[in-house]
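Written below as structure tokens is the structure these notes are about.
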Amino acid sequence: MSVNWTIRNVVYGFIALSISAGSAIPATAEASLWMKTGSVTSQPIGHYEFCLQYVDECTTKFRSAAPPQLTQRGWQVIREINSSVNASIAPITDEDLYGKDEVWVYPTNAGDCEDYALLKRRTLIEQGFSAADLLMTVLLKPDGEGHAVVTVRTSEGDFILDNLEEQVLLWSKTPYTFLKRQASFNSGRWVTIENGEELAVGSVKE
């Protein structure tokens, strides 16, 4: 039994029988619970350069596994980390901070969207979540501007941790067009999201 699988079971355990109204996971049509990923695609330049610095974080391979069961405690931790990171990091563009268009780093007190996402991912891993279920994801906002978030894979669907949104939303409940994300089988690979544009056009959101 792998270490990752053991940790996943410790954190998620069996699915909670009930979740309090204040933290209930949003319900939606089953077809839109999870992203449909496709073929291996290009790695964002920012993540490529990040991997040159953090080699160990980009060379891990994972066994193929279904999304883990989500417990009430796991859901609470996800929401708390999303809120705490959003509150602790001041938003600033890479151009203003580094004089470059695209820099992916762990922020200390300021950063842009991918920096928030990287910090949330690392913090969740420190809490026992598997890296295979915490995937950096790039997308387009309604205005066409690029954006980055963390996708959390769970038995209840793919949820988005976003610095522009206090709530943790099911991916199909966001206003975004999803392009690609880290592969769940290899932390250094990226795959296309085949149904991202379909959801944006079809207005699956309720």
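Here the numbering used here is used: the first residue of the sequence shown is 14, the next is one more, and so on.
The beta carbon of each residue, even a glycine, is placed where N, CA and C say it ideally should be.
With a threshold of 16 other beta carbon atoms within 10 Å, Val162 meets it and is buried. Less than 8 Å divides the Cβ of Gly209 from the Cβ of Phe191.
The DSSP assignment places 147 to 153 as complete runs of the beta strand (DSSP E) inside the segment 77 to 162, in order along the chain (cut-off: 3 residues). For Leu46, same chain residues with a beta-carbon under 8 Å away, outside a window of 5 residues either side, are Glu169, Gly170, Asp171, Leu183 and Ser185 in chain order. Cβ contact annotation for Ser197 (same chain, cutoff 6 Å, sequence separation greater than five): Ala145, in chain order. If you draw a straight line from the Cα of Trp203 to the Cα of Lys193, it comes to about 7 Å. Sequence-distant partners of Ile94 (beyond 5 residues in either direction) whose C-beta falls short of 8 Å from its own C-beta, in its chain, are Lys133, Thr136, Leu137, Gln140 and Leu174. Looking only at Asn99, Ser97 and Pro120, the smallest Cα-Cα distance to Asp107 is reached by Pro120.
Pairing Ser200 with Thr54 gives a Cβ-Cβ distance that is not under 8 Å. A residue is called buried when at least 16 other Cβ atoms come within 10 angstroms of its Cβ; Pro80 meets this threshold and is buried.
If one requires a minimum length of 4 residues, no alpha helix (DSSP H) run lies completely within the segment 158 to 213.
When rounded, the separation of the alpha-carbon atoms in Ser96 and Ala103 is 13 Å. In this structure, the beta-carbon distance from Tyr61 to Val98 does not fall below 8 Å.
Of the other Cβ atoms in all chains shown, 16 or more fall within 10 Å of the Cβ of Glu127; this residue is therefore buried.
For Ala123, the CB contacts under 7 Å within the same chain, skipping 5 residues up- and downstream, are Ile102, Ala103, Ile105 and Leu110 in chain order. A direct Cα-Cα distance of roughly 25 Å separates Val151 from Gln82.
Counting along the chain, Tyr61 sits inside the alpha helix (DSSP H) bounded by residues Ile58 to Gln66.
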